[in-house]
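Those protein sequence lines, which keep their order, are chains A and B.
For the first sequence, this note's numbering assigns the number 1 to the initial residue and increments by one for each residue that follows.
For the second sequence, this note's numbering assigns the number 1001 to the initial residue and increments by one for each residue that follows.
Working notes for the structure below.
Number of protein chains: 2
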Amino acid sequence: MTTHVRIVGVGLIGASLGIALSDNGFRVSLEDPSPTAVRLARDLRAGEIADEVTDEVTGAPDVVVVAAPPDVAAKAVVAALGRWPDAVVTDVASVKEAVLVDVLDSGADSSRYVGSHPMAGRERSGTAAARGDLFDGRAWVVVPHEGSTDAAIKRVREIATAVGSAVRIMPAHEHDEAVAAVSHVPQLAASIVAACLRELPESAVGLAGQGLRDVTRIAASDPRLWTQILAGNAPAVRDVLRQVRDQVDDVVAALDALVDAGGEGSLGTLSRVLEAGNLGHARIPGKHGAAPAAYEVVSVIVPDEPGSLGRLFGDMGHAGINLEDLHLEHGLGQAVGVAELSVVPASVEPLRAELTRLGWRLHD
Amino acid sequence: MTTHVRIVGVGLIGASLGIALSDNGFRVSLEDPSPTAVRLARDLRAGEIADEVTDEVTGAPDVVVVAAPPDVAAKAVVAALGRWPDAVVTDVASVKEAVLVDVLDSGADSSRYVGSHPMAGRERSGTAAARGDLFDGRAWVVVPHEGSTDAAIKRVREIATAVGSAVRIMPAHEHDEAVAAVSHVPQLAASIVAACLRELPESAVGLAGQGLRDVTRIAASDPRLWTQILAGNAPAVRDVLRQVRDQVDDVVAALDALVDAGGEGSLGTLSRVLEAGNLGHARIPGKHGAAPAAYEVVSVIVPDEPGSLGRLFGDMGHAGINLEDLHLEHGLGQAVGVAELSVVPASVEPLRAELTRLGWRLHD
C-alpha cells in the first residue's frame, strides 16, 4: 500500500522533500500557512494540496513531516500527534533537544514522535529554491527518544532512505553538540567574516578571490531562520564558540607581540593555529560520508595528446592495480598536466615500477 | 621582439605563471633552489631551465618575477636588481609593504622595482599543482612606489594582462589593508573553525555538510607559507581580527544571556550579526570582478520537456528584453524547475505581461 505523507510547511526543506518523495512513489499532501507557497510547491510537483476534501479521499496520513520554522516546530508536532491519532510524526528542525522537551512536556502521545534532521540545506531558502535531489547522498539524522516505538523509528528511516539519505541514529543532545561544531559555529564564522567587509572601500572588496567566496557563501543565509537555530542550541553553540574565541585571542596576542615587541614565540602560535586547522580539516569525510582513507599518491605527467589518459588507465589496469581516487591537475587549454593517482600504500611501488617501464614520466 | 621573463621560484605561482606566459609567446627561463621542482616545471612546459649556458644564449631577462616565499622575497628582489642592471623586477608576495621597505632600504636601484600580487591561489601548493589558467579572470594588484618608473610599471602590467588578469593599481599599505580583510582573516577563520573539529567524535564529523566544507576548504592551506603571510601583515590583520573578536564576544554574551538568564535582547544581537553578514556578503563582486547590479528577478516555471528552456529564451528575445543573469533551480532528474530571470527593473512588468500572454506560469 502506498505510504501517505503529510508535509506541514513547504519552504526549502518541505517542498524539496515533497518532490523527492513524490518521485519515489509516495503519496504526498501539502499544507502551509501561505497559500502562494503551497500552490508553488504543488506546481513543482511536491504533492497535492491538502484540504478537507482530499482528506476525505486520501484518509489520514501514515506519516506527518513537520517542516515548519524551528520556533514553531514543537507546537506543530504536538498538533499533528493530536489530529491524527495513528500517524507517526517527525520534524526536520536543526535543533532537536528543545523540540523534544516541548513535545514530552505537552502530554501528547509522544511514542509516535521521532525527531529528524536532514543535513541538507542551501544558502537560499523558500519554496522556489526546492529541488528533489537535495537529500541525495546527505546524512539524515534520526533522533528517537526513550519512548519512541520501533515502528515509528522504522517509518522515519523509510522516508530518509527513500530520498537517498544515509541514516544516522543519534540521541538529541549528541546531535545538538555535533551540529554546533559542524554547522552552527561555521555559520557564525562565515557571517562574522563577511560582516568585516561592510565598511571596506570598493577597491578592497574588488580583490575578493575564491577563498573569500567559499568562506562566506553561507553568510547569505536567512537571518531570521538562523537566529532561531542559534538560540535553540545556545548552550552547545556557546561551548564551541568559546573555543573559537580562545583561539582568536591567542592569534591577536601573537600579532600584538609581532607589532609592538620582538614577537618572540609569535610565529609558533600562528603556525600552531594553522596546523590545527589542517588537522581538523582532514577529519571531514568525503562527499558521500566515506571516511578519508590513507591512500598514497603517485603523480604522472600526462601529455595532452588524444587518448593519453585512456592509455594511462589501460596501463594501470594491465598492472592489476586498483585506482582509489584520481585528481587531474590540468588547466583549461594547458598542454601538459599531472595526474595524481591514489592507491593503497602496498600498490605504490609496483605501480611506479610498471608505469616507468611503460615509459611514463613520474614525479614525486 | 620576444620578451624574456626570468621566474625565480617555481612553486604553485611561479610554475603557473611560466605555463601561462609560455602559452602566450613569452620566452620564460626558470630557476629554483630545488632541482626537482625546476625539472618538474620544465616538464609542465613552464619554460626552459636557466643556467649559465642558456643565459649566454638568451641574454639577460627583460623582466624578473620573484615567486619565492614571502620571507625571502625582498632579498631575492634586491639580488635580481643587482644581477641584471637593465631588468624590471617584480615579486608576487601576498604582503607588499614589508617587501617594499626592505627593497628601498637596500640601496639597490629600486626605480626598476614594482610589486605585484596576483589574487590567485589554491588550497594546494607546490609545482605539481600548477596550472596555466590560474590567473585567468583574477585580479592582479600592481603596486608601484613613488620611485617606480613608468616603463617598469608598464612591463609588469603587460605580464599581468598577458595571463588574463585584470590589473588593479594600488599603493602597498592600501593593498595590505585590503588583503587583511578579504584574504588573511578569512584564512584564519577557516583554520580556527576547522581546528574545532579535531576533538569531535567520529559520528559528529560524519554530519559535515557542504556549508562546513566551503567554510573550511582553505584550512587545508600550507601552514608555513601562511605563517609568513600573517606575520608579514601583522598590523593590518590584527585590526580586522579585533573586529572579529568583538563580534564573537557579542555573540558569546548573547548566548550566555540566553542560557543563564532570560536572554533579553539576545535574539537582537544574533540577528544583527547574521544581517551584517548578509550585507558584507552582498558586497563581494561577481566572479569576473563586475559589481553586483540591482537587477530584479522574474521566476518562471519550466517544465522538463525537450526544448522548453530554449522556447523560453526565444520568447524573451522576441519581447526585446535583455537577460542580465539566469539562475536555474532544477535538481538532477527533477521533472519541473524554476528559472529565475534577472532583468533591469524597468523590464520586469513588460516581461511578466509578455510571458503570461504566451502561457508561461510565473511565480513571485
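No residue lacks a Cβ here, since even glycine has one placed at the ideal position from N, Cα and C.
Using beta-carbon distances, A:L355 does not count as an interface residue toward chain B, since no partner is under 9 Å. Excluding five sequence positions before and after A:S125, the CB atoms of its chain that fall closer than 8 Å to its own CB belong to G11, L12, S221, D222 and L225, given in chain order. When Cβ pairs closer than 8 Å are counted between the two stretches, the segment 75-84 of chain A is seen to touch the segment 101-117 of chain A, the count reaching three or more. Between A:L30 and A:R6, the gap from beta carbon to beta carbon is short of 9 Å. Secondary structure note for B:I1301: it is in no alpha helix (DSSP H), and the uninterrupted beta strand (DSSP E) holding it is E1296 to P1303.
For B:G1014, the enclosing alpha helix (DSSP H) covers residues L1012 to D1023. Considering only B:A1046, B:H1004, B:W1084 and B:S1022, the residue with the shortest C-alpha distance to B:A1015 is B:A1046.
Take the alpha-carbon of A:Q243 and the one of B:D1176: they are about 28 Å apart. Per DSSP, the continuous alpha helix (DSSP H) segment holding A:H173 begins and ends at A172 to V179.
Taking a cut-off of 8 Å for Cβ pairs, the segment 1082-1089 of chain B and the segment 1110-1119 of chain B touch, as three or more such pairs fall below it. The shortest CA-to-CA distance from B:R1138 to any of B:A1253, B:D1150, B:T1161 and B:A1190 is the one to B:T1161.
When C-beta atoms of the segment 231-241 of chain A are compared with those of the segment 167-185 of chain A, three or more pairs fall below 8 Å, so the two segments count as touching.
About 12 Å separates the Cβ atoms of A:P186 and B:V1205, ruling out a contact at the 8 Å cut-off. The DSSP-derived three-state label of A:R224 is helix. In this structure, the CA atom of A:L355 is about 55 Å from the CA atom of B:Q1247. In the DSSP assignment, B:I1153 falls within the alpha helix (DSSP H) that extends over D1150 to A1162.
Between A:D256 and A:V273, the CB-CB gap reaches or exceeds 9 Å. Per the DSSP secondary-structure output, A:W360 pairs with nothing in a beta bridge.
When DSSP states are grouped into helix, strand and coil, B:H1281 belongs to the helix group. For the segment 1251-1283 of chain B, residues whose beta-carbon sits nearer than 8 Å to a beta-carbon of chain A comprise V1251, V1252, L1255, D1256, L1258, V1259, G1263, S1266, L1267, L1270, S1271, V1273, L1274, E1275, A1276, G1277, N1278, L1279, G1280, H1281, A1282 and R1283.
When secondary structure is reduced to three states using DSSP, B:R1039 falls in the helix class. Per DSSP, A:L30 lies in no alpha helix (DSSP H) segment; the continuous beta strand (DSSP E) that holds it begins and ends at R27 to E31. Around the CB of A:A151, fewer than 16 other CB atoms lie within 10 Å, so the residue is classed as exposed. Of the residues B:D1055, B:T1127 and B:G1059, the one whose Cα lies closest to the Cα of B:V1038 is B:T1127. For A:A189, the chain B residues whose C-beta falls within less than 7 Å of its own C-beta are A1189, V1193 and V1215, listed in chain order. A Cβ-Cβ separation of about 6 Å places A:A68 in contact with A:V8 under the 8 Å criterion. Interface annotation for the segment 1041-1053 of chain B against chain A: D1043, L1044 and R1045, criterion Cβ-Cβ distance under 9 Å. The C-beta of B:T1227 has 16 or more other C-beta atoms within 10 Å across all chains shown, which makes the residue buried. Rounded to the nearest angstrom, the gap between the Cα atoms of B:E1048 and B:A1060 is 14 Å. Interface criterion met: the Cβ of A:E340 is under 9 Å from a Cβ in chain B. Around the Cβ of A:P201, a 10 Å sphere holds fewer than 16 other Cβ atoms; the residue is exposed.
Counting every other CB atom within 10 Å of its CB across the protein chains shown gives A:L44 a total of 16 or more, marking it as buried.
By the beta-carbon neighbour count (other beta carbons within 10 angstroms, threshold 16), B:P1035 is exposed.
At a Cβ-Cβ threshold of 9 Å, A:A234 and B:L1258 count as neighbours. Scanning the segment 1119-1144 of chain B from its first residue to its last, the whole beta strand (DSSP E) runs of 3-plus residues come out as 1139-1143. In this structure, B:I1159 keeps its C-beta atom at 9 Å or more from the C-beta atom of B:V1141.
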